[in-house]
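Chemist:
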Amino acid sequence: MSGIPDFNLQCHAAAQHLVELSLSEDLQDIGDLTSFSTIPEQLTATVQLVARQSGVLSGLAILPLVFERLPGGVQSVLYLQDGAAVHAGTVIADISGPVRSLLIGERTVLNFVSHLSGISSRTAEFVRRVEGTSAVILDTRKTLPGYRALQKYAVRCGGGVNHRMGLYDGVLIKDNHLAARGERSCAAAVAGARQWTTERGLPSAVEIEVDTLE
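Quick note: the sequence shown uses this note's numbering, first residue 494, plus one each step.
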């Protein structure tokens with residue numbers, strides 16, 4: 494799959510869970526001691542989300558998911574979308590509301606957006622390197638637990654293509670599979686996998702990792 498997917502379809506449930514977990518880790522049942530003890534409850538402000546370096550954006554839909562869980566009706570205005578290229582100083586969003594809520598949500602927003610934008614930016618670098626060739630930049634399953642949908646979404650924001658989402662949606666025979674079979678015959682392993690999946694009405698495409706072209 495290539496192109497930027499619908500965040501709500503691919504990531505919304507995972508993002509909601511992770512945002513709630515992040516805020517819970519920060520606040521527990523007590524809250525932000527620093528903001529509560531130093532910032533007047535009624536103080537409001539408008540702040541900007543500004544890029545500090547060049548890159549490709551991902552994860553902007555996290556902003557409303559964070560601030561809708563905090564008091565005071567924080568409002569955000571996005572000027573760019575996921576997949577947009579930015580440079581240092583680019584204004585990405587305006588966020589308005591109670592200063593306490595802005596300070597509480599700030600780190601959670603930055604953690605998500607910087608992490609996901611880092612993935613999309615790095616992916617975009619690799620995509621640029623293979624321009625003009627038939628090569629495609631694919632992702633892997635080497636993701637953090639709970640973050641897979643988001644991290645794979647970020648790959649697509651950078652112009653990459655999703656490979657398997659998990660072990661359940663594709664066959665990829667690796668060297669460990671061949672070693673466990675006690676043989677190095679790629680052809681036999683592929684034939685066996687294709688027969689097994691076909692008999693069960695499962696996707697029959699089979700991929701295999703190789704060390705040489707022979």
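Don't be surprised by glycine CBs; every beta carbon is placed ideally from N, CA and C.
Only counting the same chain, and skipping five residues up and downstream in sequence, which positions put a Cβ closer than 6 Å to that of A647?
Modeler: In the sequence shown, counting from the first residue as 1, residue 647 sits at position 154. If we look at A647 and ignore the five residues flanking it on each side, its Cβ neighbours are S551, L609, I612, S613.
Chemist: For G625, is the classification buried or exposed, using 16 other Cβ atoms within 10 angstroms of its Cβ as the cut-off for buried?
Modeler: As a first step, residue 625 is located in the sequence shown; it is residue number 132 there, counting from the start. Exposed, by the Cβ-count rule.
Chemist: Here's the rule I'm using: 16 or more other beta-carbon atoms within 10 Å means buried, otherwise exposed. How should S517 be labelled?
Modeler: The sequence position of residue 517 within the sequence shown is 24, counting from 1. Result: exposed.
Chemist: Closest by CA to M541, which one among V512, Q521, G590?
Modeler: As a first step, residue 541 is located in the sequence shown; it is residue number 48 there, counting from the start. It is worth fixing the name first, because residue 541 is Gln in this sequence and not Met. Of V512, Q521, G590, the residue nearest in Cα terms is G590.
Chemist: What span of residues does the alpha helix (DSSP H) with V722 cover, start to end?
Modeler: No answer is possible for residue 722: it lies beyond the span of the chain, which begins at 494 and ends at 707.
Chemist: If distances are taken between C-alpha atoms only, which option among G659, T633, G694, G565 comes closest to A649?
Modeler: Within the sequence shown, numbered from 1, the residue matching residue 649 stands at position 156. Looking at the sequence shown, residue 649 is not Ala but Arg. The option with the nearest alpha carbon to R649 is T633.
Chemist: Might you give, ordered along the chain, the residues of its own chain that have their beta carbon closer than 7 Å to the beta carbon of Q568, omitting 5 neighbours on each side?
Modeler: Stepping through the sequence shown from its first residue, residue 568 is reached at position 75. For Q568, where only same-chain residues beyond five positions count, the Cβ hits under 7 Å are S589, G590.
Chemist: Can you give me the start and stop residues for the beta strand (DSSP E) that V559 sits inside?
Modeler: Position 66 of the sequence shown, counting from 1, holds the residue named residue 559. It is not in any beta strand (DSSP E) - V559 instead sits in the alpha helix (DSSP H) that spans 555-560.
Chemist: Going straight from the alpha carbon of A680 to that of E561, what length do you get?
Modeler: In the sequence shown, residue 680 corresponds to position 187, counting from 1. In the sequence shown, residue 561 corresponds to position 68, counting from 1. Straight-line Cα distance between these residues: approximately 54 Å.
Chemist: So, at 6 Å on beta carbons, what are the nonlocal neighbours of A617 in its own chain, with the 5 sequence-adjacent residues on each side left out?
Modeler: On the sequence shown, residue 617 is found 124 positions in, with the first residue counted as 1. Cβ within range, chain order: V549, G651, G652.
Chemist: Assuming the contact rule is C-beta atoms closer than 8 Å, I512 and T601 should be a hit. Round their C-beta distance to whole Å, please.
Modeler: The sequence position of residue 512 within the sequence shown is 19, counting from 1. The sequence position of residue 601 within the sequence shown is 108, counting from 1. The residue you asked about is not Ile; residue 512 is Val in the sequence shown. Indeed they touch by this definition, with Cβ atoms about 7 Å apart.
Chemist: Where does A642 land, buried or exposed, given buried means 16+ other C-beta within 10 angstroms?
Modeler: Sequence index remark: in the sequence shown, residue 642 carries index 149 (1-based). It counts as buried.
Chemist: Here's the rule I'm using: 16 or more other beta-carbon atoms within 10 Å means buried, otherwise exposed. How should F500 be labelled?
Modeler: Taking the first residue of the sequence shown as 1, we reach residue 500 at position 7. Buried, because 16 or more other Cβ atoms sit within 10 Å of the Cβ of F500.
Chemist: Specify the secondary structure class of A642 as computed by DSSP and reduced to three states.
Modeler: Numbered from its first residue, the sequence shown carries residue 642 at position 149. Correct three-state label for A642: helix.
Chemist: Between the Cα of R545 and those of I523, L558, I585, spot the shortest distance and give me the residue it belongs to.
Modeler: The sequence position of residue 545 within the sequence shown is 52, counting from 1. For R545, the nearest C-alpha among the options comes from I585.
Chemist: Which value, in whole angstroms, describes the spacing of the CA atoms of L573 and K645?
Modeler: Locating residue 573 in the sequence shown gives position 80, counting from the first residue. Locating residue 645 in the sequence shown gives position 152, counting from the first residue. The alpha-carbon atoms of L573 and K645 are separated by roughly 20 Å.
Chemist: Which first and last residues belong to the beta strand (DSSP E) in which Q688 is found?
Modeler: In the sequence shown, counting from the first residue as 1, residue 688 sits at position 195. It is not in any beta strand (DSSP E) - Q688 instead sits in the alpha helix (DSSP H) that spans 679-692.
Chemist: Hey, quick one: how far does the beta strand (DSSP E) through T527 stretch, first residue to last?
Modeler: Residue 527 sits at position 34 when you count from the first residue of the sequence shown. Run containing T527: none in the beta strand (DSSP E); it sits in the alpha helix (DSSP H), 526-531.
Chemist: Residues in its own chain within less than 8 Å of L660 by CB, not counting five upstream and five downstream?
Modeler: The residue given as residue 660 occupies position 167 in the sequence shown. Cβ neighbours of L660 beyond the five flanking positions: R634.
Chemist: With DSSP as the reference, identify every bridge partner of D587, one or two as the case may be.
Modeler: Taking the sequence shown and counting its residues from 1, one reaches residue 587 at position 94. Paired residue(s): Q541, V570.
Chemist: DSSP three-state call for A578: helix, strand or coil?
Modeler: If you number the sequence shown from 1, residue 578 lands on position 85. A578: strand per DSSP, three-state reduction.
Chemist: Quick one, which of I597, A554, R657, T583 has its alpha-carbon nearest P564's?
Modeler: Taking the sequence shown and counting its residues from 1, the one referred to as residue 564 is at position 71. Checked all of I597, A554, R657, T583; the closest Cα to P564 is I597.
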